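Residue numbers for the sequence shown follow our numbering, so the first one is 21 and each next one is one higher.
This report concerns only the one structure given below.
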Amino acid sequence: MRKKTERILEGLGCSASAVLSVVLVDAMEMGDLNLKYRGKAGPTNVLSFCQNEGEPLAGSTDLLGDVVICADVAADDAAKLGYSEDEMVLYVLIHGILHLLGCHHDLPDDSVAMQARVESIFQELVPAAGPE
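Set out below in structure tokens:
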């Protein structure tokens, strides 16, 4: 995962010194985080916590933030969509990193653009991946 994360960041033009934490949690913990930070009940597949909002901290210009992935939801999504669990974790990791870099999907056009970007990056990393 580390090597693929480095490739994602490099491909997105991030500095080699960029700092990102990736955390895998279970459905219960993700449900708690989703409620606390988004006001939504139940787990989601990924949450991103950006460190580049507000005033930058001294010496931390490359601190991107945290991507929290729910392994349980990723496993369920993988089974439904025909991906392996590792592929699904990678897919939502890409999605989470894009959020840290300012991409959003609140509007329909933004959603389509972000989905296309996730797909493009994912296919570069796992060319034969996806539903059969």
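A virtual CB, placed ideally from N, CA and C, is assigned to each residue, including glycine.
The model shown is predicted, which means the values in this text are computed figures rather than measured ones.
Legend entry - Where M21 falls, given that 16 or more other Cβ within 10 Å makes a residue buried: Locating residue 21 in the sequence shown gives position 1, counting from the first residue. Residue burial annotation: M21 is exposed, with fewer than 16 other C-beta atoms found within 10 angstroms of its C-beta.
Inset, instruction - With a threshold of 16 other CB atoms inside 10 Å of the CB of L127, please say whether the residue is buried or exposed. - result: Start at 1 with the first residue of the sequence shown, and residue 127 comes out as number 107. By the neighbour-count rule (16 or more Cβ atoms within 10 Å), L127 is not buried but exposed.
Legend entry - Closest Cα partner of N65 within the set C123, G85, A38 and I89: Residue mapping note: residue 65 aligns to position 45 of the sequence shown, counting from 1. With distances taken between Cα atoms, N65 lies closest to I89.
Legend entry - S41 - containing beta strand (DSSP E), residue span: Taking the first residue of the sequence shown as position 1, residue 41 is located at position 21. Note, S41: beta strand (DSSP E), V39 to V45.
Legend entry - Secondary structure of D97, DSSP reduced to three states: Position 77 of the sequence shown, counting from 1, holds the residue named residue 97. In this structure, D97 counts as helix in the three-state DSSP scheme.
Inset, instruction - Excluding the 5 residues preceding and the 5 following D46 in the sequence, name in chain order all residues of the same chain whose CB lies nearer than 6 Å to its CB. - result: Stepping through the sequence shown from its first residue, residue 46 is reached at position 26. Contacts found: D92.
Legend entry - Contact set for C70: own chain, Cβ-Cβ below 6 Å, skip 5 residues either direction: Residue mapping note: residue 70 aligns to position 50 of the sequence shown, counting from 1. So the qualifying residues of the chain are G85 and L120.
Legend entry - Close beta carbons around M50, own chain, < 6 Å, minus the five adjacent residues each side: Position 30 of the sequence shown, counted from the start, is the residue given in the question as residue 50. Result list for M50: P63 and C90, in chain order.
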